[in-house]
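Participant:
2 protein chains.
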Amino acid sequence: MSGKKLKAVEHHPVSAKRQHKADAKAAATHPPPRQRPLTRIQKEKQNIILEAALEVFSVHGFRGSTIDQIAEVAGMSKPNLLYYFPRKEEIHRRLIAALLDTWLAPLRDFDEHGDPFTEIRSYIRRKLEMARDFPRESRLFANEMLQGAPRISEMIEIDLKALVDEKAKILLTWMEQGRLARTDPYHLIFSIWATTQHYADFDVQVRAVLGKGRNGEGRFEDAARYLEQLFMHGLSPKPRVNGSA
Amino acid sequence: MSGKKLKAVEHHPVSAKRQHKADAKAAATHPPPRQRPLTRIQKEKQNIILEAALEVFSVHGFRGSTIDQIAEVAGMSKPNLLYYFPRKEEIHRRLIAALLDTWLAPLRDFDEHGDPFTEIRSYIRRKLEMARDFPRESRLFANEMLQGAPRISEMIEIDLKALVDEKAKILLTWMEQGRLARTDPYHLIFSIWATTQHYADFDVQVRAVLGKGRNGEGRFEDAARYLEQLFMHGLSPKPRVNGSA
DNA sequence: GGAAATTTTGACCAGTTGGAAAAATGTTAG
DNA sequence: CTAACATTTTTCCAACTGGTCAAAATTTCC
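If you read the protein sequences in the order shown, they are chains A and B. So for the first sequence, the numbering used here puts the first residue at 872; every next one is plus one. So for the second sequence, the numbering used here puts the first residue at 872; every next one is plus one.
1. Can you list the residues of chain B that residue 1064 (chain A) reaches, using a CB-CB cut of under 8 Å?
2. If you measure from the beta carbon of residue 1093 (chain A) to each beta carbon in chain B, is any gap under 7 Å?
3. Between residue 1103 (chain B) and chain A, is the shortest Cβ-Cβ distance under 7 Å, so that the two count as touching?
4. Identify, in the order they occur along the chain, each residue of the same chain with its Cβ nearer than 6 Å to the Cβ of residue 1014 (chain B), setting aside the five sequence neighbours on each side.
5. In whole angstroms, what is the alpha-carbon distance linking residue 946 (chain B) and residue 1069 (chain A)?
6. Residue range of the alpha helix (DSSP H) that residue 1109 (chain A) falls in?
7. If you check the beta carbons only, do residue 999 (chain B) and residue 1067 (chain B) fall under 7 Å apart?
8. Could you list the residues in the stretch 1008-1023 of chain B with a C-beta less than 8 Å from some C-beta on chain A, going in chain order?
9. Can you tell me where the alpha helix (DSSP H) with residue 987 (chain A) in it begins and where it stops?
10. Quick check on residue 1106 (chain B) - is its C-beta less than 7 Å from some C-beta in chain A?
11. Cβ of residue 982 (chain B) less than 7 Å from any chain A Cβ?
12. With a cut-off of 8 Å, do at least 3 Cβ pairs link the stretch 1052-1066 of chain A to the stretch 1086-1100 of chain B?
13. I'd like to check one pair, residue 967 (chain A) with residue 823 (chain A): are the Cβ atoms closer than 7 Å?
14. Considering only residues of the same chain and omitting the five flanking positions on each side of residue 1105 (chain B), which have a CB-CB separation below 6 Å?
15. For my contact list, residue 987 (chain A) and residue 1051 (chain A) are in at a C-beta cut-off of 8 Å; report their separation, rounded to the angstrom.
16. Does the stretch 1077-1085 of chain B come close enough to the stretch 1028-1041 of chain A to have 3 or more Cβ pairs within less than 8 Å?
17. Among A:921, A:992 and A:1062, which has the Cα closest to the Cα of residue 826 (chain A)?
18. Does residue 995 (chain A) pass the burial test, meaning 16 or more other C-beta atoms within 10 Å, or should it be called exposed?
19. Which residues in chain A have a C-beta closer than 7 Å to the C-beta of residue 1082 (chain B)? List them in chain order.
20. Is residue 1066 (chain A) helix, strand or coil when you go by DSSP?
21. Below 6 Å CB to CB, which residues in the same chain sit around residue 962 (chain B) once its five sequence neighbours on both sides are set aside?
22. Identify, in the order they occur along the chain, each residue of the same chain with its Cβ nearer than 6 Å to the Cβ of residue 941 (chain A), setting aside the five sequence neighbours on each side.
23. What is the residue span of the alpha helix (DSSP H) that residue 950 (chain B) lies within?
24. Name the chain B residues that come within less than 9 Å of residue 1109 (chain A), Cβ to Cβ?
25. Which residues in chain A have a C-beta closer than 7 Å to the C-beta of residue 1028 (chain B)? List them in chain order.
26. Which of the residues in the stretch 905-935 of chain A, read from start to end, lie with their CB under 8 Å from any CB of chain B?
27. For the stretch 949-974 of chain A, which residues have a beta carbon sitting closer than 7 Å to at least one beta carbon of chain B?
28. Does the separation of the CB atoms of residue 1075 (chain B) and residue 1019 (chain A) fall below 7 Å?
29. For residue 948 (chain B), I'd like the list of residues in its chain whose CB is within less than 8 Å of its CB, leaving aside the five on either flank, ordered along the chain.
30. In three-state terms, what does DSSP make of residue 931 (chain A)?
31. If you draw a straight line from the C-alpha of residue 1040 (chain B) to the C-alpha of residue 1089 (chain A), how long is it?
32. Chain A beta carbons: is any one of them nearer than 7 Å to that of residue 944 (chain B)?
33. Name the chain A residues that come within less than 9 Å of residue 991 (chain B), Cβ to Cβ?
34. So residue 1059 (chain B) contacts chain A; which residues on that side make the cut at Cβ distance below 9 Å?
35. Let me know the secondary structure DSSP gives residue 940 (chain A) once reduced to three states.
The following block contains the structure:
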């Protein structure tokens, strides 16, 4: 349903506080067979679990989620789930790793050689589509941020920062060329993130406020229209070139 | 430190799944004396607890937080804490109730008779100040939203919606009067919420991206400047009235 | 078909968690 | 001083949690 391009980044903080007693044995019945190329069934089950875990983690956060919950959503028993992911943290790590990759793709596509407004508009559009189509991923990310990003601090301090720095530079160039209003490129990017992800993270609120009326999918199109205008012209009224209303 | 205008809204969902066995007895030694006007010490202790709970809940969410954690931050034992708030949920409820009140104050002050841009600008400013000065409250709110606002759905579906409807109407009037660009007032409000609260909720990310440089308090001023421009004129470059750069 | 490997299940465990009971320690008004 | 009350601490518990383990059920491969 959602986990499209997984990628298994493998970071291994290894900092398990309480390692119980599972030592270097590692080859008993429990862990899914190492070395071997990972059977089709294993991949399927892992995806089912990751999908279920996304569902749960994105709502309750890491600490607030239990393996039992995830197992139930995944339709399997807890020990069975633990057969595929020996540790709760491992599931979360995998989700986050996959997420970060997908999540930043739109920003990576930001093209230096394109037209500033076309680039910005399509970036907003893509982010908005992701908020619509992958709200759980957005919430998982938000949850992690709210907690101070304990598990991904290096990733955002290094990879993300580098990427944003790069794109900010592009924006600055455009500004110097007079093709874009001179302003803070970092906060510009923040504002795009904020306004688009809001529709995923605060979905309940958005729906509640818009009321029973057109809170179907229309809100995303309305949002797209509104944001386009906002980022283009702001809220200043049109200079009123032709006659009155 | 933070809980200014408490208000004790009293909602009582009462849906405790596991009621253990505490029945109508209710008058043992545990509960803080009912009826009596609530001594000064009681208020103080309650505030200490609420303060600690805010600290914990805002980071880990309701389910992810434990009474032990809160008690430790509050500098008291768990049973002692439970003497003042017999239930974990009760603490959370109190926090949320107080929060909603404070949180919406800036929007309430939105004045129909003011100048559109002055009103919008000062609304943005106030929200930004709140993000800076009360980030935990913002995160607590965000956490609740991420979880689908299970404990405050009626409140946002009724009170919040009514308030926003009212203010949206004002915005519409301004638009019709040609004093504000014609656009969707609801999404306009969403965008203000999103862009301002972002600085509290995604603080880690913002700081990481801005880097070690001026991530002190400067970011809030930069944000204020940027947002002012965004909401005023958008990102279109100045018409270039006078000469070149 | 059957041995080997994989997957699933059921029983179990130690540590945590929300909360109860009651005893112990203040505090205060008469 | 002391009885009545308020507060705090100690002890305890049942349910929940992350995780283990051996055995049973199933699949895979020759």
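All residues carry an ideal CB built from backbone N, CA and C; glycine is no exception.
Facilitator: From the atom records:
1. What residue 1064 (chain A) touches in chain B: 1069 and 1073.
2. With 7 Å as the cut-off, residue 1093 (chain A) counts as an interface residue toward chain B.
3. Residue contact check for residue 1103 (chain B) against chain A: a CB pair falls below 7 Å.
4. Only residues of its own chain outside the window of five on either side were considered, and among them 932 have a CB closer than 6 Å to the CB of residue 1014 (chain B), listed in chain order.
5. About 36 Å.
6. Secondary structure note for residue 1109 (chain A): it is in no alpha helix (DSSP H), with a DSSP letter that is neither H nor E.
7. Between residue 999 (chain B) and residue 1067 (chain B), the C-beta spacing is below 7 Å.
8. Result list: 1010, 1013, 1014, 1016, 1017, 1018, 1019 and 1020.
9. Per DSSP, the unbroken alpha helix (DSSP H) holding residue 987 (chain A) starts and ends at 987-1004.
10. Residue 1106 (chain B) counts as touching chain A.
11. Interface criterion not met: the Cβ of residue 982 (chain B) is under 7 Å from no Cβ in chain A.
12. Yes, the stretch 1052-1066 of chain A is in contact with the stretch 1086-1100 of chain B.
13. Lying outside 872 to 1116, the shown extent of chain A, residue 823 (chain A) is not represented and no answer is given.
14. By the criterion of a C-beta distance shorter than 6 Å, residue 1105 (chain B) is surrounded by no residue of its chain, once the five residues flanking it on both sides are discounted.
15. Between residue 987 (chain A) and residue 1051 (chain A) the beta-carbon gap is near 5 Å, inside 8 Å, which marks them as a contact.
16. Enough Cβ pairs lie closer than 8 Å, so yes.
17. With chain A covering 872 to 1116 only, the question about residue 826 (chain A) has no answer from this structure.
18. Counting the other CB atoms within 10 Å of its CB gives residue 995 (chain A) a total of 16 or more, which places it among the buried residues.
19. Taking the beta carbon of residue 1082 (chain B) as reference, the chain A residues within 7 Å of it are 1032, listed in sequence order.
20. Looking at residue 1066 (chain A) - three-state DSSP - the assignment turns out to be helix.
21. So the qualifying residues of the chain are 924 and 956.
22. A distance below 6 Å between beta-carbons, with the five flanking residues on each side excluded, links residue 941 (chain A) to the following residues of its chain, in chain order: 923, 924 and 927.
23. Boundaries of the alpha helix (DSSP H) around residue 950 (chain B): 949-955.
24. Near residue 1109 (chain A) (Cβ distances below 9 Å), the residues of chain B are 1049, 1052 and 1053.
25. Those are 1079, listed as they occur along chain A.
26. Contact annotation: in the stretch 905-935 of chain A, residues whose CB is within less than 8 Å of a CB in chain B are 929, 930, 931, 932, 933, 934 and 935.
27. So nothing in the stretch comes that close.
28. Yes, the pair counts as a contact, with Cβ atoms nearer than the cut-off.
29. Within the same chain, residue 948 (chain B) has close Cβ partners 942.
30. Correct three-state label for residue 931 (chain A): helix.
31. Cα to Cα, the separation comes out at about 20 Å.
32. Contact with chain A is absent for residue 944 (chain B), since none of that chain's Cβ atoms lies less than 7 Å from the residue's Cβ.
33. Within chain A, the residues placing a beta-carbon under 9 Å from that of residue 991 (chain B) are 1106, ordered along the chain.
34. Neighbours of residue 1059 (chain B) on chain A, chain order: 1097, 1101 and 1106.
35. In the three-state scheme derived from DSSP, where H, G and I count as helix and E and B as strand, residue 940 (chain A) is classed as helix.
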